[in-house]
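FYI, in UniProt numbering the residues of the sequence shown are 1 to 566.
Cβ coordinates follow ideal geometry from the N, Cα and C atoms, glycine included.
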Amino acid sequence: MTLLKQRAVIIFWLMSMAGLLPLIYVLDPPRNITFSSLFTISIVFILTAIFSFKVKGTDIIVLQGIGLATFLIFGLFIETLLTQLCIITYLLFQRVGKSDFYRIPVNLTMFLFVSISSGCAYYALGGQAVTGARNVLALHLWPIIAFYIAAYLSNSLLLLVIRRGLLNQQVVLKLFDRDSAWELVITALMLPLGIAFYLMYTTRGWEGMMMIAIPMVTLSVIMRQINNSQELVHFLQNVNHLGQQLTEELSVNRVFDHLFAQMPAMMTTADYLYVVLYTEPEHPKLVRLYRKNQESDFVPFQQEADISMNVYREAKTVTESGEVCAKYPFLDAVSKGQARSYLSVPMMHRGQVIGVLTIASHINRAFTKANKIGIEIVADFLAIGLENAKNFEIRKKESEHCPLTDLFNYRYMMKMIHQMVHDPSLEVFSIVMIDIDNFKRINDRFGHQNGNAILIGVANRLRKTIGERGIAVRYGGEEFTVLLPEIDSGQCFSIAELIRRAVATEPFMIFNEEDNRYDKIHVTISLGTATAPVDGTDPSELIYNADHAMYKGAKQQGKNRVARYF
């Protein structure tokens, strides 16, 4: 909701209270007021708000039951005031943060009109202010039923208006669905409770109210504990599911993708989520940052400005609420001063902290003990998943790369050629075979260490020259290969000539051990090219043809040249 709409809602609620409460007081003034009874009913309202519980995902506050009793005993004015008190208490105990503060005036306004519509429906059907009714028959049942129906209908209609008009949600109007059926069941259950509450007051006074209130509040407490247990089980199941996904991934990026895709849904109070890796303790790195408001302004990470440094050093979870931003400038900058609580957890792997996972919220006391336990489990799973993925990527790179030059190796080259041959979308591709001229002489004269230096130097120039246009491979020994997708014969020859010049025009540095100095030597290469499908379609055939062009057309023709296969 925009700031303008939030301010408009607050002003509308204040104006409605200021204009309608005096009118309600005049039309249905308070009655049967005693300190003990009013105090008792106020406490019941507060306790039912505090100990609300969920059924089928719906928040249940035993509000309609005690609301009817309050209306019948004290009148609409007192019922309206106490309903407002109940809603404020409920929302405060839901730990509404700054970003969701608009919910308070929105809900207060909605329930103000629900109270008014319910009272109007009661009196419109002939209901009267009753005093001293001691049995059900003495009550006006049809107006009471109208009281509940009006509450249900006005609540549903106002929710629709709020979602569409204020929150811009695409809500489809349905006269009857599963949610509305459940709301009707709850409304029906509140009817006998409200009548019983009223009758106990008329027969036993405020003591009678307590006889209903105590078991009602106790039941709410029990239901809330059951809800908390169910929520904890559900939360830990999600934690376990996420942990399995993190440890099964074989890509570091995919591990983080799973974490940042699912954690915000698991932790609905999380407005910020970020991970700092300490794989290099002297240079910690912020690897991912999530902000619920999706702001993209860049905040440079400094370890001295963040809680993660303390968590890393002490290897202990830290959680705090209140004015946390003043302590940690990084969190202050990321949240623009709105963070009010955080949970920072070490990522442990084999007894070592390899990183820190931090969650922050706009809400005070946003994270429970269950959240702490669950996020610690997630952090450990994350550490294991990252180490597994990193080790796999290292092994994969080692299996596909030449350890000396860091180019791709023969195994990877054959896999890529087979893919290109069988790729129907790839109409043409070329191969360049490269051999360093007189390499044995270089090894014999300057030593194998300098020979390796020449191989690395050629590989670097090869990589720099082709850039993103192709794949550079160390074929074996002093031979290299370049794969060029979507490059025809003419283009391939031009690129091969660029490679030849890049090697031949600039000398290479070698170390002369005898004179203890660096010397410059010139190195040349011979190159042969072949293009699919005109020069062959089988991988082995293409390699052979490019190799044949290199030896017959370049090596035997004087070296330091490029030859096409014909």
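Reference residue i, options the options, closest by Cα
i, options, result
"T109", "N155, S489, Y122 and G75", "N155"
"L331", "P300, I212 and L91", "P300"
"A504", "T481, R461 and A453", "R461"
"E314", "F298, A326, V334 and G351", "G351"
"L357", "D488, V421, T405 and V287", "V287"
"L125", "H140, Y102 and F113", "H140"
"Y272", "L76, L259, E280 and F493", "L259"
"T268", "I354, P192 and H362", "H362"
"residue 587", "V255, N545 and T70", "In this structure the chain extends from 1 to 566, so residue 587 is not present and cannot be described."
"L92", "A49, F392 and D519", "A49"
"D437", "L426, S425 and G451", "G451"
"L14", "S526, D28, N107 and L27", "N107"
"H349", "L232, T319, L386 and A270", "L386"
"A370", "E280, H422 and H234", "H234"
"A530", "V523, Y544, T524 and Y518", "Y544"
"Q84", "S335, R501 and S16", "S16"
"residue 568", "L81, I73 and H241", "One cannot answer for residue 568 here, as it falls past the ends of the chain, which runs 1 to 566."
"D423", "P403, E486, I434 and F446", "E486"
"N240", "Q262, L250 and I145", "Q262"
"G467", "D519, E479 and L483", "L483"
"P192", "L68, G476, S526 and E79", "L68"
"Q419", "F113, P539 and D515", "P539"
"L38", "G75, F480, T203 and I10", "G75"
"S341", "R365, K316, Y290 and E478", "R365"
Endpoints, the alpha helix (DSSP H) within which residue i is located
i, result
"R445", "F439 to F446"
"S115", "R103 to A124"
"V161", "L141 to V161"
"E541", "P539 to H548"
"T34", "Premise fails: T34 is in no alpha helix (DSSP H) and is neither H nor E."
"Y90", "L76 to F93"
DSSP-derived helix/strand/coil call for residue i
i, result
"F71", "helix"
"M210", "helix"
"V55", "Legend: pLDDT at V55 = 48, less than 50; position of this residue unreliable, value from coordinates given subsequently. In this structure, V55 counts as strand in the three-state DSSP scheme."
"F511", "strand"
"Y328", "coil"
"M267", "coil"
"H283", "coil"
"L289", "strand"
"K559", "coil"
"W13", "helix"
Segment limits, beta strand (DSSP E) that includes residue i
i, result
"I436", "F429 to I436"
"I307", "Run containing I307: none; DSSP gives neither H nor E here."
"M348", "S341 to H349"
"A532", "I525 to A532"
"D519", "R517 to I521"
"L273", "Y272 to L277"
"V318", "V318 to S321"
### Message
Threshold first: 4 residues or longer. Then list the alpha helix (DSSP H) segments lying entirely within the region 352 to 422, N to C.
### Response
369 to 400 and 410 to 421
### Message
As an exercise, report each continuous beta strand (DSSP E) stretch of at least 3 residues that is fully enclosed by the region 455 to 492, in chain order.
### Response
471 to 476 and 479 to 485
### Stretch pair the region 430 to 446 + the region 535 to 548: three plus CB contacts closer than 8 Å
yes
#### Entry: Sufficient close CB pairs (3 or more, under 8 Å) joining the region 462 to 474 to the region 403 to 416
yes
#### Entry: Segment contact, 8 Å Cβ cut-off, at least three pairs: the region 441 to 461 with the region 373 to 380
no
### Three CB pairs or more closer than 8 Å across the region 508 to 526 and the region 489 to 497
no
### Task
State whether the region 483 to 493 contacts the region 388 to 407, with contact taken as three or more CB pairs (one from each stretch) at a distance under 8 Å.
no
### Task
Kindly confirm or deny that the region 410 to 425 and the region 281 to 298 touch, where touching means at least three C-beta pairs closer than 8 Å.
no
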